[in-house]
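Notes follow once the structure below has been shown.
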Amino acid sequence: MSKKWFPLIDEDKCIGCLACYNKCKHGVFDVENGRPVVVYREGCIDGCHGCGNLCPQGAIIYSGEYEQYIKCSCNCGK
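Just so it is clear: in the sequence shown, position 43 is 77 by my numbering, and no numbers are missing.
See the structure below:
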């Protein structure tokens, strides 16, 4: 089954600071040409927002109907 909730990077806003890549311990991001890319969306924890909360440019949005998910308890979004 395909993951429906995961981060998307707005390449026009992204400055390549890699805050998202450095924050996520679930393997969601990799770096290509000095920029973060989503490579493993299945690793994203539903409701986390850790990468998006750290992004200084607001370049990360989330795909899917995440309102239906219970917030995670791993504290990775803080």
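In this text, a Cβ means the ideal position worked out from N, Cα and C, and glycines have one as well. Since this is a predicted model, take the numbers as computed values, not measurements.
Assignment of GLU76 by DSSP, reduced to helix, strand and coil, places it in the helix class. Ranked by Cα distance from PRO90, the first of CYS54, TRP39, LYS38 is CYS54. GLY84 counts as buried, since at least 16 other C-beta atoms from the protein chains shown sit within 10 angstroms of its C-beta. Note that the C-beta distance between GLY77 and GLY61 is below 8 Å.
Between VAL73 and PHE40 a beta carbon distance of about 11 Å is seen, past the 8 Å cut, so the two are scored as non-contacting.
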